[in-house]
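Here the structure is laid out as structure tokens; the discussion comes afterwards.
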Amino acid sequence: LKSKYGDRHLIQGRCAHLTDPQEIHKQQGRNKCQHQNMCNRGCIYGGYFSANASTLPWAEKTGNLTVRPDSVVESIIYDQEKGRATGVRIIDRHTKEATEFYAKIIFVNASTINSNAILLNSKSDRFPNGLGNDNGLMGKFMACHNYRGKGNATFEGFFDQAVEGRHPGHAYVPRFRNVFRQDTDFLRGYAIGMAGGRRIDADTSAIGHQLRDNLLNRQYGVWSMAAWMQGEVIPVESNHMRLSDAETDKYGIPKIIMSVEWTENDDKMTQDFLEQQSEMYERMGFKNINVTDTKAPPGSDIHEMGGVRMGRDPKTSLLNEFNQLHACPNVFVTDGACMTSTSTQNPTLTFMTLTARAANYAVEELKKQNL
1251 LKSKYGDRHL IQGRCAHLTD PQEIHKQQGR NKCQHQNMCN RGCIYGGYFS ANASTLPWAE
1311 KTGNLTVRPD SVVESIIYDQ EKGRATGVRI IDRHTKEATE FYAKIIFVNA STINSNAILL
1371 NSKSDRFPNG LGNDNGLMGK FMACHNYRGK GNATFEGFFD QAVEGRHPGH AYVPRFRNVF
1431 RQDTDFLRGY AIGMAGGRRI DADTSAIGHQ LRDNLLNRQY GVWSMAAWMQ GEVIPVESNH
1491 MRLSDAETDK YGIPKIIMSV EWTENDDKMT QDFLEQQSEM YERMGFKNIN VTDTKAPPGS
1551 DIHEMGGVRM GRDPKTSLLN EFNQLHACPN VFVTDGACMT STSTQNPTLT FMTLTARAAN
1611 YAVEELKKQN L
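For reference, each letter of the sequence shown is one residue, going 1251 to 1621 in my numbering.
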């Protein structure tokens, strides 16, 4: 790819495996990689970073974290006299009983759609359309990544090599369209995810020693490489979510209604991916090339974003630069709901960074008695 294109770079997704845990890792309860070859299931040893293996256990060890499972958040409690949120109302998943928890600061990170839903359902005399929703934009400008374009192909060669070990990530071609100038008939661009390997066949119909021998003498097929686009979806106001006025779920919480569709920009971007990916396969020597537009609707994949947008102007956004609600500053939203566009990268590290910054800011504001 590097020799055929000057603007396209195939890189490995960055995800380190611990081979020599240091004291900071041991404090978290993490251990070195055990070579279990099941990385995509999550690692119980903490061989690579995840919240379940690292930050959550570490936070729990401080004694300042209480995890309450089976708690469905209904709404945030707002005190009009104090001009601030005072707590959260939850419904127990088993007993259906309501319970209220109180706090000086509230972080809403329920994942994009549910964070929007909680805020929209947090109504009061001051906020009849949802907590902080003075401009009526909450729940609007929803978007997710465009994964409609898929590709796969086979490669003849490297028959003396095979894959050993696993990795929780995959290969990645960063965005190369419209980077330094507008060179297509669509805005922004897409990244490409790739994953390759050799098909492995083994006869598992036998039992006993024969099954063992069959598993030890697996037959390798040709190499193949799958590819998929990860396109930036530019949010538009008409793509939105709202709460039903007529239907509730089994907890008595209004059901969520989604109204999101692809735009012409998404269609053009998908077509460009199909053309470019097919060309790249061919120029790199792949065979049996197949690319397709799955036409999967929005929401079929991952990375939902938007609805509680960051911005400096309260007329056009819900959150400020520190992820505080403009109209209720002791409530922070730092998950995907705060995003103003999807970009082409996986967004989780960005969410983590925004959360760390907002948490640090909240602590400093508490010390100043501003919250």
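Glycine included, C-beta positions come from ideal geometry on N, C-alpha and C.
At least three beta-carbon pairs within less than 8 Å, the stretch 1429-1445 to the stretch 1480-1491
When Cβ pairs closer than 8 Å are counted between the two stretches, the stretch 1429-1445 is seen to touch the stretch 1480-1491, the count reaching three or more.
Measure the CB-CB distance between L1370 and L1568 and report whether it falls below 7 Å.
Position 120 of the sequence shown holds residue 1370. Position 318 of the sequence shown holds residue 1568. No.
Determine the contact status of L1260 and V1423, defining contact as a CB-CB distance below 7 Å.
On the sequence shown, position 10 is the one that residue 1260 refers to. On the sequence shown, position 173 is the one that residue 1423 refers to. Yes, these two residues count as a Cβ contact at 7 Å.
Backbone secondary structure at S1591 - three-state DSSP:
For the purposes of this step, residue 1591 is taken as the residue at position 341 of the sequence shown. Residue state, collapsed to three classes: coil.
Spatial neighbours of A1496 within its chain, please: C-beta separation below 8 Å, excluding the five flanking residues on both sides.
Within the sequence shown, residue 1496 is the residue found at index 246, counting from 1. Around A1496: no qualifying Cβ.
Just to confirm the assignment, what range does the alpha helix (DSSP H) spanning K1617 have?
Translated into positions along the sequence shown, residue 1617 becomes position 367. First-last of the alpha helix (DSSP H) with K1617: 1598-1617.
Cα-Cα separation, I1274 to G1386
In the sequence shown, residue 1274 corresponds to position 24, counting from 1. In the sequence shown, residue 1386 corresponds to position 136, counting from 1. Distance from the CA atom of I1274 to the CA atom of G1386, rounded to whole angstroms, is 45 Å.
Quick one: what's A1353 bridged to in DSSP?
Taking the first residue of the sequence shown as position 1, residue 1353 is located at position 103. The secondary-structure analysis by DSSP pairs A1353 with nothing; it has no beta-bridge partner.
Roughly how many whole angstroms lie between the Cα atoms of G1549 and D1499?
Residue numbering aside, residue 1549 sits at position 299 when the sequence shown is read from its first letter. Residue numbering aside, residue 1499 sits at position 249 when the sequence shown is read from its first letter. Rounded to whole angstroms, G1549 to D1499 spans 20 Å at the Cα level.
Just grab the DSSP bridge partners of N1489 for me.
The residue labelled residue 1489 in the question sits at position 239 within the sequence shown. Answer is none; N1489 lacks a bridge partner.
Between the beta-carbon of Q1527 and the beta-carbon of G1401, is there less than 7 Å?
Within the sequence shown, the letter at position 277 stands for residue 1527. Within the sequence shown, the letter at position 151 stands for residue 1401. At the C-beta level, Q1527 and G1401 come within 7 Å of one another.
What's the gap between the Cα of G1447 and the Cα of Y1298?
Numbered from 1 along the sequence shown, position 197 holds the residue referred to as residue 1447. Numbered from 1 along the sequence shown, position 48 holds the residue referred to as residue 1298. Whole-angstrom Cα-Cα distance: 22 Å.
Could you tell me if C1265 is buried or exposed, where buried requires 16 or more neighbouring beta carbons within 10 angstroms of its beta carbon?
By 1-based counting over the sequence shown, the position of residue 1265 is 15. So C1265 counts as exposed.
Where G1263 and P1418 are concerned, what is the direct C-alpha to C-alpha distance, given to the nearest angstrom?
For the purposes of this step, residue 1263 is identified with residue 13 of the sequence shown, where counting begins at 1. For the purposes of this step, residue 1418 is identified with residue 168 of the sequence shown, where counting begins at 1. Rounded to whole angstroms, G1263 and P1418 show a C-alpha spacing of 9 Å.
Measuring only the C-alpha atoms, how far is V1429 from G1389?
For the purposes of this step, residue 1429 is identified with residue 179 of the sequence shown, where counting begins at 1. For the purposes of this step, residue 1389 is identified with residue 139 of the sequence shown, where counting begins at 1. The straight-line gap separating the alpha-carbon atoms of V1429 and G1389 is approximately 30 Å.
Measure the alpha-carbon distance for N1464 versus G1471 and round it to whole angstroms.
If you number the sequence shown from 1, residue 1464 lands on position 214. If you number the sequence shown from 1, residue 1471 lands on position 221. Between the alpha carbons of N1464 and G1471 lies a gap of roughly 16 Å.
So what does DSSP say about A1301, is it helix, strand or coil?
In the sequence shown, residue 1301 corresponds to position 51, counting from 1. DSSP places A1301 in coil when its eight states are reduced to three.
The ligand HEM and S1321: does the residue's C-beta get closer than 6 Å to at least one heavy atom of that ligand?
Among the components of this structure there are no ligands whatsoever, and the ligand HEM is therefore not found.
First through last residue of the beta strand (DSSP E) which encompasses P1449
Here residue 1449 corresponds to residue number 199 of the sequence shown, with the count starting at 1. Note that residue 1449 is Arg in the sequence shown, not Pro. Note, R1449: beta strand (DSSP E), 1440-1451.
Continuous beta strand (DSSP E) stretch holding Q1521: start and end:
For the purposes of this step, residue 1521 is identified with residue 271 of the sequence shown, where counting begins at 1. Secondary structure note for Q1521: it is in no beta strand (DSSP E), and the uninterrupted alpha helix (DSSP H) holding it is 1514-1533.
Provide the residue span of the alpha helix (DSSP H) that contains A1367, from first to last.
Here residue 1367 is taken as the residue at index 117 of the sequence shown, counted from 1. Here the alpha helix (DSSP H) through A1367 covers 1362-1370.
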